[in-house]
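*Asks:* For the sequence shown, the working numbering gives the first residue as 1019, with consecutive numbering after it.
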Amino acid sequence: YFERRFDRRVRVFGSCLFVVMNILWQPICIYVPALTLNQVSGISVSKIVPLTSFICILYTSLGGIKGVVWTDVIQGTVMIGSMLIVIIKGTLDLGGLSVLLDHNRQYDRLVGPDMTFDPTARMGVFALFVGGALFKLQANGINQTVVQRYLTLPNNKDVKKALVLSLIGFMFVMLMCVYIGMLAFAEFYHCDPITTGLARAKDQVIPLYVVKNVGHIPGLVGLFVAGVFSAALSSLSTALNSLSGVILTDFVEPFRKKPLSERQTAYLLRGVVISFGLISMASVPIVQRLGLVMQLSSTVAAITCGPLLGAFSVGMLLPFVKTESLLTGISCASSFTAYIVVRAQIAIFTGSLTFPAKPVSIEDCDYTFDLPENWNATITAYVLVPLCLIVLNLCLPEVFFFYTEPQVNLPVMAFMKSHFCGTPQLVLWVLYWDLCWPLSILDDKIREWWIRNLSVLFCGNSGMESTKVWPVKRKTISIFTSRKLSSNWSSLKRRRDKNYILL
1019 YFERRFDRRV RVFGSCLFVV MNILWQPICI YVPALTLNQV SGISVSKIVP LTSFICILYT
1079 SLGGIKGVVW TDVIQGTVMI GSMLIVIIKG TLDLGGLSVL LDHNRQYDRL VGPDMTFDPT
1139 ARMGVFALFV GGALFKLQAN GINQTVVQRY LTLPNNKDVK KALVLSLIGF MFVMLMCVYI
1199 GMLAFAEFYH CDPITTGLAR AKDQVIPLYV VKNVGHIPGL VGLFVAGVFS AALSSLSTAL
1259 NSLSGVILTD FVEPFRKKPL SERQTAYLLR GVVISFGLIS MASVPIVQRL GLVMQLSSTV
1319 AAITCGPLLG AFSVGMLLPF VKTESLLTGI SCASSFTAYI VVRAQIAIFT GSLTFPAKPV
1379 SIEDCDYTFD LPENWNATIT AYVLVPLCLI VLNLCLPEVF FFYTEPQVNL PVMAFMKSHF
1439 CGTPQLVLWV LYWDLCWPLS ILDDKIREWW IRNLSVLFCG NSGMESTKVW PVKRKTISIF
1499 TSRKLSSNWS SLKRRRDKNY ILL
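(1) Can you tell me the Cα-Cα spacing of V1302 and K1107, whole angstroms?
(2) Assign C1047 to buried or exposed, taking buried as 16 or more other Cβ atoms, counted over all protein chains shown, within 10 Å of its Cβ.
(3) Determine the direct distance from the alpha carbon of M1334 to that of F1242, and round the result to whole angstroms.
(4) Suppose contacts are defined by Cβ-Cβ distances below 9 angstroms. Is P1068 in contact with V1305 by that definition?
(5) Note down, one range per segment and in chain order, each alpha helix (DSSP H) of at least 4 residues found wholly within the stretch 1082-1141.
(6) How would you write the range of the alpha helix (DSSP H) that K1230 sits in, first residue to last?
(7) Quick one: any contact between the stretch 1049-1067 and the stretch 1267-1287, if contact means 3 or more CB pairs under 8 angstroms?
(8) Is it true that the stretch 1026-1038 meets the stretch 1263-1273, where meeting means three or more beta-carbon pairs spaced less than 8 angstroms apart?
(9) Should D1210 go down as buried or exposed, given a rule of 16 or more other Cβ atoms within 10 Å for buried?
(10) Assuming contact is defined by CB atoms lying nearer than 9 angstroms, are T1341 and D1025 in contact in what I supplied?
(11) Does the stretch 1220-1239 touch the stretch 1247-1254, meaning 3 or more C-beta pairs lie closer than 8 angstroms?
(12) Excluding the five sequence neighbours on either side, which residues of its own chain have a C-beta within less than 7 angstroms of the C-beta of M1141, listed in chain order?
(13) Can you check whether the CB of I1160 is closer than 9 angstroms to the CB of L1336?
(14) Take F1188 as the anchor and find which of G1215, K1154, H1208, D1136 has the nearest alpha-carbon.
(15) Is it a yes or a no for the stretch 1341-1351 touching the stretch 1182-1201, going by three-plus beta-carbon pairs under 8 angstroms?
(16) From the DSSP output, in three-state form, read off C1209 for me.
(17) Can you name the start and end residues of the alpha helix (DSSP H) that N1040 belongs to?
(18) Considering only the alpha carbon of each residue, which of D1382, E1021, R1023, F1020 lies closest to H1208?
(19) Run through the stretch 1138-1222 for me and flag every whole alpha helix (DSSP H) of 4 or more residues, listed as ranges in chain order.
(20) Which value, in whole angstroms, describes the spacing of the CA atoms of K1275 and V1264?
(21) Ordered along the chain, which non-local residues of its own chain (more than five positions away) have a Cβ less than 6 angstroms from that of G1085?
(22) Under 9 angstroms, do V1091 and L1238 count as touching if we go by C-beta distance?
(23) Can you tell me whether G1328 is helix, strand or coil according to DSSP?
(24) With H, G and I counted as helix, E and B as strand and the rest as coil, what does DSSP make of S1298?
(25) Between the beta-carbon of R1127 and the beta-carbon of F1203, is there less than 9 angstroms?
(26) Where do the N-terminal and C-terminal ends of the alpha helix (DSSP H) with S1253 fall, by residue?
(27) Counting C-beta neighbours from all protein chains within 10 Å, is the total for P1236 16 or more, i.e. buried, or is it exposed?
(28) For N1040, which residues of its own chain have a beta-carbon under 6 angstroms away from its beta-carbon, when the five flanking residues on both sides are left out?
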């Protein structure tokens, strides 16, 4: 679509964003099952990761898209089955749904969204619903891994059915995840396992809950671990398969004079899968030190998801947009979001970003443990918020202040950045050629001042100062001596009327 709507540069740029996103995201897919198996078995993460990666790389490289889809079906069945067993067993052991809701309500774990559209509200309607809608829009509409699966279906009718069913399945799985989280809190509300040291990280609380509640039943813990592995490996195999297709189509075939043979294509695709799989495996130690898995996956995806969604939206909704302006917008959006993510992760690693979490209790613990130094009931957790505000103020002063949680807001900010930075610039380009023709007869310094100051107004920087924005060099003439001046102004009025209706 990018190549047909704009040109090849935009297509390559979008492919680069997709590759970067997967390189950053795939180590998380490997780390999640390794962390779970480490909690239930005690096996080191460093020993689990190579085995997990090898299995996934093997069936992805040999089976292709058909192998990926079939394994996803089996893995999805195992994943949902294991979650249902944990939910049913946990609810019965706890005493029913009413007890579960009472415990969570008593300790303020059932919190609805704030009915406000204020973007600074952390749990506001804007952050949750607008941010969530944009995130899922790109995930189910423009993501290469999903679109590749749509293309394997015979017709558009089947694609629509698959999309509806996948959305229903997604909501069902999300509700099950939330329910299991509520079960875990109802189990540990009187004795926080992170404070006592039973779980070394928040991501290990659910595996600990499963071991504690169904560990005495043979096979159920293994089934749960298999479900976690299924969820992670299905995502990893899909991403590896899509990456191989993108590399082949966008970065290899255009530079070959002769088309690749079927044998060469197969070897190339397998080589790409193996290479990116090894890169992901080698990056897992970095992920271990960067914070919560859910937060990491969302913030990493935000670097590319928002700009790509903005690019598709601009291409479809603004027909007068030019290639250079779109590239400027998505470049600004990607750089802006990447800067936030990197700086925030550094702050998380150093512990300089904290905020009060909900209170926890250790009053009814029936085992001995050592308390951390300076512990109190309202322990702290990490958040990326202040840095988002600082960086945003550098580019959009007194326009938007996002205090909401970054895993919700980063896609929104990147999407809005691509519009607030890219769209005004591309509109300026269009208005120059269609509306502001008389500016071309003014002195070069006046034109440069005009563009530079409008760039500062919309983007907070003078990035267009060093950019040659005039593709055609026009002859500068005196505004007082030009015989064509009156005709130019007549033409201006016609263009102005046309653009007024358009805008």
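Note that CB positions come from ideal geometry on N, CA and C, so glycine has one too.
*Replies:* With the structure as the only source:
(1) Stepping through the sequence shown from its first residue, residue 1302 is reached at position 284. Stepping through the sequence shown from its first residue, residue 1107 is reached at position 89. If you draw a straight line from the Cα of V1302 to the Cα of K1107, it is about 33 angstroms long.
(2) In the sequence shown, the residue the question calls residue 1047 occupies position 29. Flag for C1047 reads buried.
(3) As a first step, residue 1242 must be located in the sequence shown, where it is residue number 224. As a first step, residue 1334 must be located in the sequence shown, where it is residue number 316. Going by C-alpha positions, F1242 is about 43 angstroms away from M1334.
(4) Taking the first residue of the sequence shown as 1, we reach residue 1068 at position 50. Taking the first residue of the sequence shown as 1, we reach residue 1305 at position 287. No.
(5) Fully enclosed alpha helix (DSSP H) runs of 4 or longer: 1115-1124.
(6) Within the sequence shown, the letter at position 212 stands for residue 1230. First-last of the alpha helix (DSSP H) with K1230: 1223-1232.
(7) Under the Cβ criterion (8 angstroms, minimum of three pairs), the stretch 1049-1067 does not count as touching the stretch 1267-1287.
(8) Taking a contact to require three or more Cβ pairs closer than 8 angstroms, the stretch 1026-1038 and the stretch 1263-1273 qualify as touching.
(9) As a working note, residue 1210 is residue 192 in the sequence shown. Its Cβ being crowded by 16 or more others within 10 Å, D1210 is buried.
(10) One-based indexing of the sequence shown puts residue 1341 at position 323. One-based indexing of the sequence shown puts residue 1025 at position 7. Yes.
(11) Taking a contact to require three or more Cβ pairs closer than 8 angstroms, the stretch 1247-1254 and the stretch 1220-1239 do not qualify as touching.
(12) Reading the sequence shown from its first residue, position 123 is the one you call residue 1141. Cβ within range, chain order: V1129, P1131, D1132.
(13) On the sequence shown, position 318 is the one that residue 1336 refers to. On the sequence shown, position 142 is the one that residue 1160 refers to. Not a contact, by the Cβ cut-off of 9 angstroms.
(14) If you number the sequence shown from 1, residue 1188 lands on position 170. Closest option to F1188, Cα to Cα, is K1154.
(15) These segments do not touch.
(16) Translated into the one-based positions of the sequence shown, residue 1209 becomes position 191. Coil at C1209, not helix or strand.
(17) Within the sequence shown, the letter at position 22 stands for residue 1040. For N1040, the enclosing alpha helix (DSSP H) has its first and last residue at 1026-1059.
(18) Taking the first residue of the sequence shown as position 1, residue 1208 is located at position 190. Nearest option by C-alpha distance: D1382.
(19) Listed in chain order, the complete alpha helix (DSSP H) runs (minimum 4 residues) inside the stretch 1138-1222 are 1149-1159, 1162-1168, 1174-1206, 1211-1214.
(20) Position 257 of the sequence shown holds residue 1275. Position 246 of the sequence shown holds residue 1264. Their backbone Cα atoms lie some 19 angstroms apart in a straight line.
(21) As a first step, residue 1085 is located in the sequence shown; it is residue number 67 there, counting from the start. Taking G1085 as the centre and dropping the five residues before and after it, the same chain places the C-beta of Y1077 closer than 6 angstroms to its C-beta, in chain order.
(22) Taking the sequence shown and counting its residues from 1, one reaches residue 1091 at position 73. Taking the sequence shown and counting its residues from 1, one reaches residue 1238 at position 220. The Cβ atoms of V1091 and L1238 do not sit closer than 9 angstroms to each other.
(23) Against the sequence shown, residue 1328 aligns to sequence position 310. Of the three classes helix, strand and coil, the one that applies to G1328 here is helix, per DSSP.
(24) The count along the sequence shown starts at 1 and reaches residue 1298 at position 280. Helix, per DSSP.
(25) Translated into positions along the sequence shown, residue 1127 becomes position 109. Translated into positions along the sequence shown, residue 1203 becomes position 185. Closer than 9 angstroms, so yes.
(26) For the purposes of this step, residue 1253 is taken as the residue at position 235 of the sequence shown. Residues 1238-1264.
(27) Counted from its first residue, the sequence shown places residue 1236 at position 218. When all chains shown are included, P1236 counts as exposed.
(28) For this step, residue 1040 is matched to residue 22 along the sequence shown. Cβ within range, chain order: A1257, L1261.
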